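Let me begin by presenting the structure, written as structure tokens, before commenting on it.
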Amino acid sequence: MPSITGTTIRIEFRPELTSWRGKLLSGDPRGEQIHATSFLRKRLIVLDSELAQDWPELSRILVHELFHFAWVRLGNPIRLSYEDLLRGELKSRARGELGWSAEWRKKALRPTDVAERNRKWREYMAESFCDTAAFLYSECPHHDEYTLKSRWRQQRMRWFALLLEKRPIQL
1180 MPSITGTTIR IEFRPELTSW RGKLLSGDPR GEQIHATSFL RKRLIVLDSE LAQDWPELSR
1240 ILVHELFHFA WVRLGNPIRL SYEDLLRGEL KSRARGELGW SAEWRKKALR PTDVAERNRK
1300 WREYMAESFC DTAAFLYSEC PHHDEYTLKS RWRQQRMRWF ALLLEKRPIQ L
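Under the working numbering, the letters of the sequence shown match residues 1180 to 1350, in that order.
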């Protein structure tokens, strides 16, 4: 596990989480079912209560959410380095991802999104970073959502190792 520093992040469990019109709902049939969400300014993570029954999945989702806090604190040079890594993957036509949240965004990208570095591209980069961290640091070694080929997984592992050589991850 990487060395992590930062201030307190609250974690709450709520039943039957859905996202509807940009709002988090609990126990409401409207919207799309989600496992978790992070509120960065409030320093809050909300997890679906069902995750408490599945430690490997809880571990994977929680690490992913924690790394959203890390992503915003990385600084531009490090985020640009990760962006270069992803651009190289796309140029080489690497398929797959290390989690559904990154994969569906990757599939929806158009060349103009990447070229313009627009919101779709930035959201994909953040989700890819968080899914990669969850793959590397959670206690979920195997998952159907780990579809990125070994060659690309190895590159991301090296990128994270180099990042951690320089400093601890800040949340």
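By construction, the Cβ of each residue, glycine as well, lies at the ideal position given by its N, Cα and C atoms. Being a predicted model, the structure only gives us computed values, none of them experimental.
When you compare each of the options to residue i by their alpha carbons, which one comes out closest?
{"i": "R1193", "options": "R1220, A1231, G1210", "result": "A1231"}
{"i": "V1251", "options": "R1222, R1272, G1267", "result": "R1222"}
{"i": "D1207", "options": "F1218, I1190, D1227, S1217", "result": "D1227"}
{"i": "W1331", "options": "F1248, G1267, P1347", "result": "G1267"}
If you run the structure through DSSP and keep just helix, strand and coil, what is residue i?
{"i": "S1198", "result": "strand"}
{"i": "S1359", "result": "The structure shown does not extend to residue 1359, since the chain is modelled only from 1180 to 1350, so the question has no answer here."}
{"i": "L1245", "result": "helix"}
{"i": "I1213", "result": "coil"}
{"i": "S1205", "result": "strand"}
{"i": "E1306", "result": "helix"}
{"i": "I1257", "result": "helix"}
{"i": "D1233", "result": "coil"}
Measuring only the C-alpha atoms, how far is residue i from residue j?
{"i": "W1300", "j": "R1337", "result": "22 Å"}
{"i": "F1314", "j": "M1304", "result": "15 Å"}
What are the start and end residues of the alpha helix (DSSP H) that includes residue i?
{"i": "E1344", "result": "1329-1345"}
{"i": "D1292", "result": "1290-1295"}
Going by DSSP, what residue range makes up the beta strand (DSSP E) through residue i?
{"i": "R1284", "result": "First-last for R1284: 1279-1287, but that is the alpha helix (DSSP H), not the beta strand (DSSP E)."}
{"i": "I1190", "result": "1189-1193"}
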